[in-house]
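Student: Attaching a single structure in structure tokens format; questions to follow.
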Amino acid sequence: MRRVDLIYDDDPLFNTELSQPQYDFFQKHEAAFRRMCEEQSKDFWIRYIMTFRSFTNNYGYLKDFPKKKQLTYILDFAFILIHEKFVDAKFKDTKTFISDIVTIARHRSLATYCETRKCMNGPRSKNPFFAIETRDVFRRLFGSQNDEQSYLKALILIPLFLRFGGSVMICLRRWLEAPPMNPEDKYWMPDTTPKDKSSKKKHRPTHRFEAVESVEDDLHRGALPQGGKEDTEDVLRFVEGDEATNAFVAQQKRDKKKKKRGKSKDALPLAEIGDLVALVVTVHKDGQIKYSGVKMESKAATDGPKVTELPTEEEEATHPGRQEEATRDEEILNSLHDLAQNTDKEMLEKIMINKIEMAALEAHEQRKRDQDVRIRAERKRRNEEREKKQAEERAEERAKEAEERAREAEERAKKEAEERARKEAEKEAASVNGVSKTKTSKKKRSGQSGGAATQNKSTPDKPLEPVVKDGLPDGGGLLNGDVKHKVKLRQCANCKQTEASLKLFKKCQK
-10 MRRVDLIYDD DPLFNTELSQ PQYDFFQKHE AAFRRMCEEQ SKDFWIRYIM TFRSFTNNYG
50 YLKDFPKKKQ LTYILDFAFI LIHEKFVDAK FKDTKTFISD IVTIARHRSL ATYCETRKCM
110 NGPRSKNPFF AIETRDVFRR LFGSQNDEQS YLKALILIPL FLRFGGSVMI CLRRWLEAPP
170 MNPEDKYWMP DTTPKDKSSK KKHRPTHRFE AVESVEDDLH RGALPQGGKE DTEDVLRFVE
230 GDEATNAFVA QQKRDKKKKK RGKSKDALPL AEIGDLVALV VTVHKDGQIK YSGVKMESKA
290 ATDGPKVTEL PTEEEEATHP GRQEEATRDE EILNSLHDLA QNTDKEMLEK IMINKIEMAA
350 LEAHEQRKRD QDVRIRAERK RRNEEREKKQ AEERAEERAK EAEERAREAE ERAKKEAEER
410 ARKEAEKEAA SVNGVSKTKT SKKKRSGQSG GAATQNKSTP DKPLEPVVKD GLPDGGGLLN
470 GDVKHKVKLR QCANCKQTEA SLKLFKKCQK
């Protein structure tokens, strides 16, 4: 454990915000920071937090704040959180708390957006409770994203957390350069009374003994904000009456031994313990806190407990320097009163401005919505007109196609009728020509039958020659040897017959 002086008006230690060079120094000396957290006792960190709060209230960030119940609640919440992270927590939680403060420092531009009420209804990219980089940290330190109180906490406590993180980094630098603690320095020793080895076991002192220790510590802490060396020495001399405490410890040890042997004995009540110190805390209406104490003597020495009061407020008023402090306190109260009135006016003005801005924003959004409705209606009307026009064009095209098909069908039917009439006329003409030719051919055959018989005997057979007869239709398939082919009407060279008869053709060949 090293001696790091804690002074209630140390501005370089308690009024410096966390910066990037300090965080770089912290990362390089993380092992030293862990050793500092473990070696410095809990009492040191309790005194450190109390000194930091005293400086912040009297000289630092909170000195001009009005004393209001809601503000006091928020500040108590902050210091309870700091106490949990640095006194009762493990090193892992302490390191996480420092990392959260660094994250807030890096994204402080988003944190300033919490000043307006429209942060909850605005874009989530600017809301630190919804942004990806900061949402976990802000919800862990300030509360739910759906609670307006969380935004007020963030707005008030971010500068406080940044100053606490900076003070811890400066404390680490001082701790590395600080000398070891002197064992005789009782200010830094939480308890100098000799303890038995049995106290190191899991069995701890009873609740009454712990209450006595807590009363002594509270009285000691109550003297710390005064900051004077003489006051601290007076309190230490007042608390040094350890004979009764040692006797009580010995009695507790005997009681433990008897309990182990089955012969338990009730411990003395707290009122019968001699030479103890009780703490009296007086809270005035103006917000000031006064600490005083009473000294109780044991019941065994006298018939009843005697109470010796410490110096009263009147005696303290005659003390050198107290009048100056009273004057200074009165000036501070007057300035705080004026500040509270001005702050209330500023808050009302801000509220009115916010209301006007919200009304203007709502009117602008309403105009934008109306314009969108008109644009959608105009777009719908244009689409309907275009679809109607396209439907009319399609109907006209279908009507034209139907007319063309009807005209083509009419022309085709007319051509077919003309073709049928022509074919019928050709058939009639062919039939008339065929009848006349058959009559003439019969006459020729009857007149030439006698001469043809003699001529056939003397002249050899002539081959068949194809003869095309005009006016006769094509057709008639004849066999010329073993080849089947399509020929026109033939005329026999011997008999001069033109009928396409297979029997006649074979007969003439014979």
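FYI, in the numbering used here the residues of the sequence shown are -10 to 499. Note that the Cβ used here is the ideal one computed from N, Cα and C, for glycine as well. The model shown is predicted, which means the values in this text are computed figures rather than measured ones.
By DSSP's criteria, Pro169 is part of a beta bridge. Which residues make up the other side?
Tutor: Taking the sequence shown and counting its residues from 1, one reaches residue 169 at position 180. Its beta-bridge partners are Arg(-9).
Student: Classify Tyr62: buried if its beta carbon has 16 or more other beta carbons within 10 angstroms, exposed otherwise.
Tutor: Locating residue 62 in the sequence shown gives position 73, counting from the first residue. Classification for Tyr62: exposed.
Student: How big is the Cα-Cα spacing for Leu70 and Gln16?
Tutor: Along the sequence shown, one-based indexing puts residue 70 at 81. Along the sequence shown, one-based indexing puts residue 16 at 27. One C-alpha to the other measures close to 23 Å.
Student: Contact between the segment 27 to 43 and the segment 119 to 132 is defined here as three or more beta-carbon pairs at a separation below 8 Å; is this criterion met?
Tutor: No contact exists between the segment 27 to 43 and the segment 119 to 132.
Student: Ordered along the chain, which non-local residues of its own chain (more than five positions away) have a Cβ less than 7 Å from that of Lys52?
Tutor: Sequence index remark: in the sequence shown, residue 52 carries index 63 (1-based). These residues qualify, in order along the chain: Asn46.
Student: Cα separation between Glu205 and Trp34?
Tutor: Along the sequence shown, one-based indexing puts residue 205 at 216. Along the sequence shown, one-based indexing puts residue 34 at 45. Low confidence applies here, because Glu205 scores a pLDDT of 46, under 50, leaving its location unreliable; read the following figure in that light. Roughly 17 Å separates the two Cα atoms.
Student: Would you tell me roughly how many angstroms separate the C-alpha atoms of Ser547 and Lys57, rounded to the nearest one?
Tutor: In this structure the chain extends from -10 to 499, so residue 547 is not present and cannot be described.
Student: So what's Gln215 in DSSP terms, helix, strand or just coil?
Tutor: Residue numbering aside, residue 215 sits at position 226 when the sequence shown is read from its first letter. For Gln215, the pLDDT reaches just 41, beneath the cut-off of 50, and the residue's location in the model is therefore unreliable, leaving the point undetermined.
Student: Compute the distance between the beta-carbons of Leu2 and Leu151, then report whether it is under 7 Å.
Tutor: In the sequence shown, counting from the first residue as 1, residue 2 sits at position 13. In the sequence shown, counting from the first residue as 1, residue 151 sits at position 162. Against a cut-off of 7 Å, the Cβ pair of Leu151 and Leu2 comes out as no contact.
Student: Going straight from the alpha carbon of Glu381 to that of Asn116, what length do you get?
Tutor: Walking along the sequence shown from the start, residue 381 turns up at place 392. Walking along the sequence shown from the start, residue 116 turns up at place 127. Looking at the two C-alpha atoms, the distance is approximately 55 Å.
Student: Let me confirm a value: Asp89 is counted as buried when at least 16 other C-beta atoms fall within 10 Å, else exposed. Which label applies?
Tutor: The residue you call residue 89 lines up with position 100 of the sequence shown. The residue is buried, with at least 16 neighbouring Cβ atoms inside 10 Å.
Student: Looking at Ile(-10): is its Cβ nearer than 7 Å to the Cβ of Glu28?
Tutor: As a first step, residue -10 is located in the sequence shown; it is residue number 1 there, counting from the start. As a first step, residue 28 is located in the sequence shown; it is residue number 39 there, counting from the start. Ile is not the amino acid found at residue -10; the sequence shown has Met there. Yes, the pair counts as a contact, with Cβ atoms nearer than the cut-off.
Student: Is the Cβ-Cβ distance between Leu146 and Ala239 less than 7 Å?
Tutor: Taking the sequence shown and counting its residues from 1, the one referred to as residue 146 is at position 157. Taking the sequence shown and counting its residues from 1, the one referred to as residue 239 is at position 250. No. Outside cutoff.
Student: So for His353, helix, strand or coil by DSSP?
Tutor: Taking the first residue of the sequence shown as 1, we reach residue 353 at position 364. Helix.
Student: Is it right to say Gln11 is buried, meaning 16 or more other beta carbons lie within 10 angstroms of its own, or is it exposed?
Tutor: In the sequence shown, counting from the first residue as 1, residue 11 sits at position 22. Its Cβ being crowded by 16 or more others within 10 Å, Gln11 is buried.
Student: So, with DSSP's three-state summary, where would you put Ile63?
Tutor: Mapped onto the sequence shown, residue 63 falls at position 74. DSSP places Ile63 in helix when its eight states are reduced to three.
Student: With distances taken between CB atoms, is the gap from Trp164 to Met39 smaller than 7 Å?
Tutor: Against the sequence shown, residue 164 aligns to sequence position 175. Against the sequence shown, residue 39 aligns to sequence position 50. Cβ distance not < 7 Å, so Trp164 and Met39 don't count as in contact.
Student: Buried or exposed for Gly423, going by 16 or more other Cβ atoms inside 10 Å?
Tutor: In the sequence shown, residue 423 corresponds to position 434, counting from 1. It counts as exposed.
Student: Tell me where the alpha helix (DSSP H) around Asn46 begins and ends.
Tutor: The sequence position of residue 46 within the sequence shown is 57, counting from 1. Per DSSP, Asn46 belongs to the alpha helix (DSSP H) from Lys31 to Asn47.
Student: Do Leu(-5) and Arg36 have their CB atoms nearer than 7 Å?
Tutor: Mapped onto the sequence shown, residue -5 falls at position 6. Mapped onto the sequence shown, residue 36 falls at position 47. Yes.
Student: Is the beta carbon of Lys31 sitting closer than 7 Å to the one on Val76?
Tutor: Position 42 of the sequence shown, counting from 1, holds the residue named residue 31. Position 87 of the sequence shown, counting from 1, holds the residue named residue 76. Taking 7 Å as the Cβ cut-off, Lys31 and Val76 qualify as a contacting pair.
Student: If we count the other Cβ atoms within 10 Å of its Cβ and call it buried at 16 or more, is Ile530 buried or exposed?
Tutor: Past the edges of the chain, shown from -10 to 499, lies residue 530, and the structure says nothing about it.
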